[in-house]
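S.K.: Pasting a structure below so you can have a look.
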Amino acid sequence: MKFTYNWLKDFVDVKLSPQALAERLTMTGLEVTSLDEREGDFIFEIEITSNRPDWLSVVGIAREVAAITGKKLKAPHLRSKGTGKLRRQLPFSIKIEDKKDCPLYTAKIMHGVKVGPSPDWLKKRLELIGCRSINNIVDITNYILFTYGEPLHAFDLDKMASQSGIIVRRAQKAEEIVAIDGEKRILDEDILVIACASDSSIGRPVAIAGVMGGKDTEVTEGTVNILLEAAVFNQVVIRKARQKLALQTDSSYRFERGLDSETAVSASWKAVDLIQDLAGGNLALSKEYGLMKAKGKVINLDLELTNDILGVEIPAFRVKQILESLDFKVKAGGKNRLVVAVPSHRQDSGLPEDLIEEISRVFGFENIPMSLPLVLPRPTIRSARDLVSIIKHTLAALGLNEVITYSLVDKGLLEAFHIDAQTSAPEIQNPLSIEQEVLRPLLAPSLARCLAHNLNQRQESVDIFEVANTFNNSPSGLKQELCLAIALCGTKRLLLESGVIDDKSGFLHLKGVMEALFERLAIGEYDFAFEDNSSIIGISVAGEKIGMMFSPEKSSLEKIDIKNKDVFIAELSLDALLAKMGPARKFIPLPKYPAITRDSSFILKEDILVQELINVAIEKGQPFLKHASVTDYYKGKQIPEGYRGLTISCVYRSDSRTLTEEEVAPVHSQICAALSEQFGAKLRQG
6 MKFTYNWLKD FVDVKLSPQA LAERLTMTGL EVTSLDEREG DFIFEIEITS NRPDWLSVVG
66 IAREVAAITG KKLKAPHLRS KGTGKLRRQL PFSIKIEDKK DCPLYTAKIM HGVKVGPSPD
126 WLKKRLELIG CRSINNIVDI TNYILFTYGE PLHAFDLDKM ASQSGIIVRR AQKAEEIVAI
186 DGEKRILDED ILVIACASDS SIGRPVAIAG VMGGKDTEVT EGTVNILLEA AVFNQVVIRK
246 ARQKLALQTD SSYRFERGLD SETAVSASWK AVDLIQDLAG GNLALSKEYG LMKAKGKVIN
306 LDLELTNDIL GVEIPAFRVK QILESLDFKV KAGGKNRLVV AVPSHRQDSG LPEDLIEEIS
366 RVFGFENIPM SLPLVLPRPT IRSARDLVSI IKHTLAALGL NEVITYSLVD KGLLEAFHID
426 AQTSAPEIQN PLSIEQEVLR PLLAPSLARC LAHNLNQRQE SVDIFEVANT FNNSPSGLKQ
486 ELCLAIALCG TKRLLLESGV IDDKSGFLHL KGVMEALFER LAIGEYDFAF EDNSSIIGIS
546 VAGEKIGMMF SPEKSSLEKI DIKNKDVFIA ELSLDALLAK MGPARKFIPL PKYPAITRDS
606 SFILKEDILV QELINVAIEK GQPFLKHASV TDYYKGKQIP EGYRGLTISC VYRSDSRTLT
666 EEEVAPVHSQ ICAALSEQFG AKLRQG
């Protein structure tokens with residue numbers, strides 16, 4: 006962004022030297038990359054970040070200068086509507102095929118203009134910043150662009166095939182237009198065009214919307230009647246058009262970053278005033294179609310939070326003064342609170358943290374004292390960071406690989422897994438591409454797509470996990486939740502004593518991973534159970550469901566190019582898991598007294614859960630039983646159909662003395678009797 010020192014002084018009474026002003030601007034975030042002196046003026050060039058399109062204008066820079074220097078902004082009077090009556094009202098229509106492509110379009114027709122050279126002051130200003138003077142009409146549109154940040158375009162009305170109206174539409178495939186630069190360009194359906202209404206239903210294109218006008222309707226010395234366009238176009242559409250055509254202009258640069266309707270309307274009226282002053286002519290028509298004024302955003306700012314984040318006490322009156330100098334509207338909202346209305350040109354501001362950043366910039370980073378934050382350690386509380394670290398190390402030790410996937414996905418991926426993207430997935434207002442149009446409400450589809458990529462690389466077995474946030478729409482607003490997802494697929498070849506076997510991934514493998522993870526996290530009360538009338542297995546901790554295990558349908562997997570493979574996925578909420586966790590594990594002294602181990606083999610039905618057996622054994626084995634586990638599993642001819650053999654190992658120990666066989670024997674017998682009574686387990690002899 007280039008501007009001159011004298012141009013800036015039209016809008017703010019700057020007392021600083023150009024060099025001092027350049028330093029102040031750089032310190033507040035507007036990095037001045039060059040400062041040159043030419044023809045008695047100074048030319049500034051500033052690096053503008055993509056989130057601040059309001060700085061792509063002299064008025065926007067002047068607003069910033071006024072705030073950091075404590076001066077008043079000499080804002081020009083910009084009217085939002087015409088004054089007086091039009092000499093006559095012409096029949097003219099504006100048709101927008103898709104309001105998402107063009108939220109606002111304004112057209113003004115002026116008759117009797119005299120096209121000629123621009124006055125010296127206008128020529129000099131444009132040429133100093135590298136913009137060549139064409140004629141007074143074109144120069145005025147360029148002057149408005151650099152002064153107010155609103156791209157305008159002037160058509161020669163008499164050169165248009167029809168003067169009855171304008172159509173804003175997508176181009177037809179292979180449609181052609183010769184742009185003002187003289188180059189013929191081939192268009193397609195991703196490119197937005199301005200067409201003049203005619204006998205044809207689609208009309209002939211006269212401009213590439215937001216990028217460049219057409220050669221056939223450009224303003225020349227012979228132009229008498231003009232159509233002046235001011236509009237707001239979809240940022241993504243303009244960006245795609247610019248990329249496809251390899252054609253970047255000052256207009257497309259601004260449209261890509263977002264413009265507001267209020268500035269577009271006001272700037273077009275300022276252009277009318279300048280045209281009448283410098284080229285004469287009469288306004289014959291003014292027409293607008295679309296959203297004239299967007300709904301304003303309101304932010305509740307907590308002053309205590311502001312001071313805590315900045316580490317310095319800034320009085321409420323100073324905070325209000327800073328925000329108002331940046332064009333925010335501020336009023337009291339209760340004790341230590343301000344209600345801040347965001348101006349239409351500040352599309353980047355939507356959170357209290359955005360306002361705090363603005364306050365810190367204008368207050369001056371150099372005025373914030375350097376200090377280390379006060380941190381009070383709380384070692385007894387498990388933090389989300391600790392939990393994630395343990396989970397990642399545990400799963401990696403189990404042989405899984407961590408993946409990181411995009412939080413933004415396409416609706417088609419969610420719909421392939423029967424997830425209603427319209428209601429559950431928050432939609433991005435200006436997505437960079439169709440592949441990044443919504444925030445994912447689940448991690449599972451992303452992991453499945455990652456599996457597909459790895460399987461296509463000839464990987465026989467893929468075991469992966471991801472820890473990331475998910476996002477869901479809720480009645481109270483956007484809900485963000487930290488989740489863990491695990492996905493297993495494929496077959497491993499294992500070398501055992503009996504030879505090489507194929508170990509195919511399944512629910513038991515996934516359940517084993519979850520059990521190992523819960524054991525590492527010191528979570529004992531967990532459960533896996535099929536949900537009613539469903540193939541989904543719910544995962545519960547302390548009686549509350551925190552996740553699920555499932556195998557996606559074949560049809561879902563085929564849509565992401567996974568064929569003839571079974572995929573097993575677990576997903577659970579780490580926020581819910583953290584709430585169920587107790588303090589971190591504490592180290593305990595090594596036992597002083599020896600243990601007695603007793604192994605017992607049972608025959609029992611296959612559908613009995615091992616964890617239930619262990620739970621009963623631990624309950625009945627107190628106070629001496631310290632540990633119980635399954636050490637052997639077997640099936641064979643000696644085992645009846647539908648049954649299996651299990652060996653349960655019980656470890657007995659006292660913390661105060663050495664146990665005797667006489668003390669252990671009745672406790673162990675009590676455990677065996679309980680297993681027999683509750684589960685029908687038969688003690689296997691021999």
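Heads up: the sequence shown runs through residues 6 to 691, numbered per the working numbering. Quick reminder that beta carbons are idealized off the backbone N, C-alpha and C, glycines included. Values in this document were obtained by computation on a predicted structure and should not be read as measured data.
1. Rounded C-beta distance between V5 and V143? I'm assuming under 8 angstroms.
2. Do the segment 574-583 and the segment 553-561 make contact, defined as three or more Cβ pairs closer than 8 angstroms?
3. Check each candidate in L526, F607, H458 and name the one with the smallest Cα separation from R689.
4. Entirely within the segment 398-474 and at least 4 residues each: give me those alpha helix (DSSP H) ranges in chain order.
5. Taking R463 as the reference, which of K570, L680, V621 has the closest Cα?
6. What would DSSP say about Q485, mapped onto helix, strand or coil?
7. What first and last residue would you give for the beta strand (DSSP E) that runs through Y110?
8. Let me make sure I understand the geometry here. Which of A426, S429, K113, V472 has the alpha-carbon closest to that of L448?
9. By alpha-carbon positions, which one of F333, D307, H350 ends up nearest to K298?
10. Identify, in the order they occur along the chain, each residue of the same chain with its Cβ nearer than 7 angstroms to the Cβ of S169, setting aside the five sequence neighbours on each side.
11. Please classify Q683 as buried or exposed, where buried requires at least 16 neighbouring CB atoms within 10 angstroms.
12. Rounded to whole angstroms, what is the Cα-Cα separation between L614 and S429?
13. Give the single residue among K509, K610, G626 whose Cα lies nearest to the Cα of P645.
14. Give the single residue among P108, Y258, V120 whose Cα lies nearest to the Cα of R57.
15. Could you give the C-beta distance for V344 and N312, rounded to a whole number, given that I count them as a contact under 8 angstroms?
16. What's the call for P671, buried or exposed, on a 16-neighbour Cβ count within 10 Å?
17. DSSP three-state label for K550, please.
18. Answer yes or no: the CB of L78 versus the heavy atoms of the ligand SAH, is any distance below 6 angstroms?
19. Check whether the Cβ atoms of I196 and A251 lie closer than 7 angstroms to each other.
20. State the Cα-Cα distance for the pair G219 and D255, rounded to the nearest angstrom.
21. Extract the residue ranges of the alpha helix (DSSP H) inside the segment 557-584, only unbroken runs of 4 or more that lie entirely within it.
22. Would you give the residue range spanned by the beta strand (DSSP E) that P210 belongs to?
23. Just the C-alpha distance for I395 and Q616, rounded to the nearest angstrom, thanks.
24. Return the bridge partner residues of G543 from the DSSP annotation.
25. With a threshold of 8 angstroms, are at least 3 pairs of Cβ atoms found where one atom belongs to the segment 536-548 and the other to the segment 409-428?
26. Rounded to the nearest angstrom, how far is the Cβ of F476 from that of A490, given a contact under 8 angstroms?
27. Could I get the ranges of all uninterrupted beta strand (DSSP E) runs contained in the segment 36-62, with 3 residues as the minimum, in chain order?
28. Between I601 and L664, which are expected to be in contact by the criterion C-beta below 8 angstroms, what is the C-beta distance as a whole number of angstroms?
29. With a CB to CB cut of under 8 angstroms and the five nearest residues on each side skipped, what residues in its chain are close to L630?
30. D508: which of P210, E668, L493 sits nearest, CA to CA?
31. Can you round the beta-carbon distance between R190 and I182 to whole angstroms, since I take them to be within the 8 angstroms contact cut?
32. Taking the alpha carbon of V635 as the point to measure from, which residue in L651, H158, Q627, G647 has its own alpha carbon closest?
33. List the residues that DSSP assigns as beta-bridge partners of F160.
34. Does DSSP put G369 in a helix, in a strand, or in coil?
35. For the structure I just gave you, are there three or more beta carbon pairs, one from the segment 449-463 and one from the segment 499-514, closer than 8 angstroms?
36. For F533 and N620, I'd like the C-alpha separation in whole angstroms.
M.R.: Per the coordinate set shown:
1. In the structure as shown, the chain starts at 6 and stops at 691, and residue 5 therefore has no counterpart that could be examined.
2. With a cut-off of 8 angstroms, the segment 553-561 and the segment 574-583 count as touching, because enough Cβ pairs lie within range.
3. Taking the sequence shown and counting its residues from 1, the one referred to as residue 689 is at position 684. Nearest C-alpha to R689: F607.
4. Runs of the alpha helix (DSSP H) spanning 4 or more residues and lying entirely within the segment 398-474 occur at 416-421, 426-429, 449-460, in chain order.
5. Stepping through the sequence shown from its first residue, residue 463 is reached at position 458. Distance from the Cα of R463 is smallest, within the candidate group K570, L680, V621, for K570.
6. For this step, residue 485 is matched to residue 480 along the sequence shown. Three-state result, Q485: strand.
7. The sequence position of residue 110 within the sequence shown is 105, counting from 1. Its beta strand (DSSP E) spans residues 109-116.
8. Walking along the sequence shown from the start, residue 448 turns up at place 443. With respect to the C-alpha of L448, the residue from A426, S429, K113, V472 having the closest C-alpha is V472.
9. By 1-based counting over the sequence shown, the position of residue 298 is 293. Among F333, D307, H350, the Cα nearest to that of K298 is on H350.
10. In the sequence shown, counting from the first residue as 1, residue 169 sits at position 164. Hits under 7 angstroms: P96, F97, S98, A202.
11. As a first step, residue 683 must be located in the sequence shown, where it is residue number 678. Exposed, since its Cβ has fewer than 16 Cβ neighbours within 10 Å.
12. Taking the first residue of the sequence shown as position 1, residue 614 is located at position 609. Taking the first residue of the sequence shown as position 1, residue 429 is located at position 424. Whole-angstrom Cα-Cα distance: 36 angstroms.
13. Residue 645 sits at position 640 when you count from the first residue of the sequence shown. Closest in alpha carbon position to P645, among K509, K610, G626, is K610.
14. Here residue 57 is taken as the residue at index 52 of the sequence shown, counted from 1. In terms of CA proximity to R57, Y258 leads the group P108, Y258, V120.
15. Against the sequence shown, residue 344 aligns to sequence position 339. Against the sequence shown, residue 312 aligns to sequence position 307. Contact doesn't hold; Cβ gap of about 18 angstroms is too wide.
16. Position 666 of the sequence shown, counted from the first residue, corresponds to residue 671. In this structure P671 is exposed. Its beta-carbon is surrounded by fewer than 16 other beta-carbon atoms within 10 angstroms.
17. In the sequence shown, residue 550 corresponds to position 545, counting from 1. In the three-state reduction of the DSSP assignment, K550 falls in the strand class, which pools E and B.
18. As presented, the structure is devoid of all ligands, the ligand SAH included, so that no description of it is given.
19. In the sequence shown, counting from the first residue as 1, residue 196 sits at position 191. In the sequence shown, counting from the first residue as 1, residue 251 sits at position 246. Taking the C-beta atoms as reference points, A251 is found no nearer than 7 angstroms to I196.
20. In the sequence shown, residue 219 corresponds to position 214, counting from 1. In the sequence shown, residue 255 corresponds to position 250, counting from 1. Going from the Cα of G219 to the Cα of D255 covers about 16 angstroms.
21. Taking 4 residues as the shortest admissible run, the segment 557-584 contains the following complete alpha helix (DSSP H) segments, listed from N- to C-terminal end: 559-564.
22. Position 205 of the sequence shown, counted from the start, is the residue given in the question as residue 210. Run containing P210: 209-213, per the beta strand (DSSP E) assignment.
23. The residue you call residue 395 lines up with position 390 of the sequence shown. The residue you call residue 616 lines up with position 611 of the sequence shown. When rounded, the distance between both Cα atoms is 23 angstroms.
24. Position 538 of the sequence shown holds residue 543. Bridge partners of G543: A534, M553.
25. In short, these stretches do not touch, since the Cβ pair count stays below three.
26. Counting from one through the sequence shown, the residue named residue 476 turns up at place 471. Counting from one through the sequence shown, the residue named residue 490 turns up at place 485. Approximately 14 angstroms separates the beta-carbon atoms of F476 and A490; this is outside 8 angstroms, ruling out the contact.
27. With a minimum length of 3 residues, the continuous beta strand (DSSP E) runs that stay inside the segment 36-62 are 36-43, 46-52.
28. Translated into the one-based positions of the sequence shown, residue 601 becomes position 596. Translated into the one-based positions of the sequence shown, residue 664 becomes position 659. Confirmed, Cβ separation roughly 6 angstroms.
29. One-based indexing of the sequence shown puts residue 630 at position 625. A622, I623, C655, V656, Y657, V672, I676, listed in sequence order.
30. Stepping through the sequence shown from its first residue, residue 508 is reached at position 503. Measuring from the Cα of D508, the nearest candidate turns out to be L493.
31. Your numbering for residue 190 matches position 185 in the sequence shown. Your numbering for residue 182 matches position 177 in the sequence shown. The Cβ separation is near 6 angstroms, so the contact holds.
32. Taking the first residue of the sequence shown as 1, we reach residue 635 at position 630. For the residues L651, H158, Q627, G647, the minimum Cα distance to V635 belongs to L651.
33. Translated into the one-based positions of the sequence shown, residue 160 becomes position 155. Beta-bridge pairing links F160 to L232.
34. Numbered from its first residue, the sequence shown carries residue 369 at position 364. In the structure shown, G369 sits in coil (DSSP, three-state: anything other than H, G, I, E or B).
35. No, because fewer than three Cβ pairs between the segment 449-463 and the segment 499-514 fall closer than 8 angstroms, the two stretches do not touch.
36. As a working note, residue 533 is residue 528 in the sequence shown. As a working note, residue 620 is residue 615 in the sequence shown. When rounded, the distance between both Cα atoms is 14 angstroms.
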